[in-house]
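K.L.:
Supplied in structure tokens, the structure appears directly below.
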Amino acid sequence: MKLVTLFVGIFCCQLALADSDWVRFELNQGHILLPVSVKGIPTKAVLDSGAQVNGINSGFMEKHKLRFPSDGKLTIQGLFERKEVQTLTAIPTHILGKSRNLNNVAKIDLPTHNIGLVLGVSFFKNHIVQIDYPRQRLRLVSRTPSNIRKVKNLKAKSLSGSGELIVNVEVAANKRLWLLLDTGSQGGLLLERNVASDLGWLTKYKQNKTVSTGVNESIPSDYFWVDSMTLGKTKLDQVLVHVPAKNSGFSTQNDQVSGILGNDVLQHFILTLDYKSGKAHVDFP
């Protein structure tokens, strides 16, 4: 993937007052892994802006014999299916230098017990989050001094109900799409199949077979490269696009959202995200 920088703003300096210091994270197979603790036990948390709620891994709980009060059940929408899960409350954690109790946390199954938490929209909406992918670091920024409304350079908005952040990008010759910004998705662009068909891409581009993967789900898909995409003021050439196979069950569950923007694209940038106001800034280091 080739990047052509059209304009780069000096944004980090304008966000000098932070609620937390920079914290290093691990980028593992396209997933951001933060060092955290749960009830004093060191573990890792996946930062997943595509998850509507926070989650705790049942395997991690079983390994460390942890039990927390239940406050009911919740139906969550994954990439490819809906499921009902138990929700837990009063979970003591230490995240980004601060101790906090997490409530209304979904009890979920992850492939490994080495990951304790998934931090989703419930975490993002309480802070301005700055993610420096190239330097693999993250911090929380104070909302008042940042004035993100004045410096935002990426058309974005928060979805009513879910609170998820969607961004508007230009793809392949002036075609504009609204995409869910998903730090939990490995790929570049994951589009609904009917969208790719309407754009004529399924006939224009030669397709190959692969598997699209999220934090806890995967599904067969086709992939190809489109000529270009513009994110903020930066143009990217030869962008990877995944399209789920027919009858996969994949849906964004929202008519105005065409697909997902994932880590294969995001990993090149410094992102500043304000879910509360639906504003975003993207910078290229």
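Per my numbering, residue 641 is the first one in the sequence shown, and the count goes up by one each step.
Positions of the beta carbon are idealized from the N, C-alpha and C atoms, including for glycine.
Where do the ends of the alpha helix (DSSP H) carrying V905 lie?
P.N.:
Secondary structure note for V905: its alpha helix (DSSP H) is the uninterrupted segment N903 to L906.
K.L.:
Using the three-state DSSP reduction, which class does L780 fall into: helix, strand or coil?
P.N.:
Assignment of L780 by DSSP, reduced to helix, strand and coil, places it in the strand class.
K.L.:
Can you give the Cα-Cα distance for L820 and S917, rounded to whole angstroms?
P.N.:
16 Å
K.L.:
Could you tell me which residues DSSP pairs with Y863 in its beta bridges?
P.N.:
Note: Y863 sits in a beta bridge opposite N848 and H882.
K.L.:
Closest to S689 by C-alpha separation, out of K765, H734 and I910, would be which residue?
P.N.:
K765
K.L.:
Alpha carbon to alpha carbon, how far is S739 from W662?
P.N.:
16 Å
K.L.:
Just verifying my parser: in three-state terms, what is the DSSP assignment at G690?
P.N.:
When DSSP states are grouped into helix, strand and coil, G690 belongs to the coil group.
K.L.:
Can you tell me the Cα-Cα spacing of L880 and F864, whole angstroms?
P.N.:
So the alpha carbons of these two residues sit roughly 6 Å apart.
K.L.:
Pick out whichever of W818, L714, Q776 and H767 has its Cα sitting closest to the Cα of G899.
P.N.:
With distances taken between CA atoms, G899 lies nearest to W818 out of W818, L714, Q776 and H767.
K.L.:
Identify every residue that forms a DSSP beta bridge with E724.
P.N.:
T715
K.L.:
By how many angstroms is the C-alpha of L906 removed from the C-alpha of T823?
P.N.:
8 Å
K.L.:
What are the residues that DSSP puts in a beta bridge with P732?
P.N.:
N741
K.L.:
Can you tell which of G695, D877 and K684 has the C-alpha that lies nearest to the C-alpha of A730?
P.N.:
Comparing Cα positions, the closest option is G695.
K.L.:
Tell me whether S825 sits in a helix, a strand or coil according to DSSP, three-state version.
P.N.:
coil
K.L.:
Quick one: Cα of K835 to Cα of H704, how far?
P.N.:
The question names Lys, but residue 835 in the sequence shown is Val. Each residue's Cα considered, the two are about 45 Å apart.
K.L.:
Nearest CA to the CA of A885: which residue from T715, A746 and K849?
P.N.:
K849
K.L.:
Please list, in chain order, all residues of the same chain as Y915 whose beta carbon is under 7 Å from its beta carbon, the five residues on each side excluded.
P.N.:
Taken in chain order, the residues that qualify are V761, F764, K765, S798, G803 and L805.
K.L.:
Check the DSSP bridge columns for K765 and list the partner residues they point to.
P.N.:
Note: K765 sits in no beta bridge, so no partner.
K.L.:
Find out if the Cβ-Cβ distance for the pair T892, E832 is shorter than 8 Å.
P.N.:
Against a cut-off of 8 Å, the Cβ pair of E832 and T892 comes out as a contact.
K.L.:
Between the C-alpha atoms of A812 and L778, what's the straight-line distance to the nearest angstrom?
P.N.:
31 Å
K.L.:
With a CB to CB cut of under 6 Å and the five nearest residues on each side skipped, what residues in its chain are close to K684?
P.N.:
Answer for K684: L673 and I755, listed in chain order.
K.L.:
What does the alpha-carbon distance come out to for the pair Y773 and L706?
P.N.:
33 Å
K.L.:
Measuring alpha carbon to alpha carbon, tell me which residue in S858, H753, P732 and H767 is nearest R783.
P.N.:
H767
K.L.:
Here's the rule: buried if 16 or more other CB atoms are within 10 angstroms of the residue's CB, otherwise exposed. What is G840?
P.N.:
exposed
K.L.:
Is it right to say V807 is buried, meaning 16 or more other beta carbons lie within 10 angstroms of its own, or is it exposed?
P.N.:
buried
K.L.:
Going by C-alpha distance, which of D904, F890, V897 and T843 is nearest M869?
P.N.:
Looking at the Cα atoms, D904 is the closest of the given residues.
K.L.:
Taking its Cβ as the centre, do 16 or more other Cβ atoms sit within 10 Å of V851, making it buried, or is it exposed?
P.N.:
exposed
K.L.:
By Cβ distance, which residues of its chain are closer than 8 Å to I650, with the 5 residues on each side in sequence left out?
P.N.:
Unreliable positioning characterises I650 in this predicted model, as indicated by a pLDDT of 37, which lies under 50. A coordinate reading is not provided.
K.L.:
Enumerate in chain order the residues of its own chain whose CB-to-CB distance from P709 is below 8 Å, with the five nearest sequence positions on each side excluded.
P.N.:
L728, T729 and A730
K.L.:
Work out the CA separation of F665 and P675 for me, nearest whole Å.
P.N.:
7 Å
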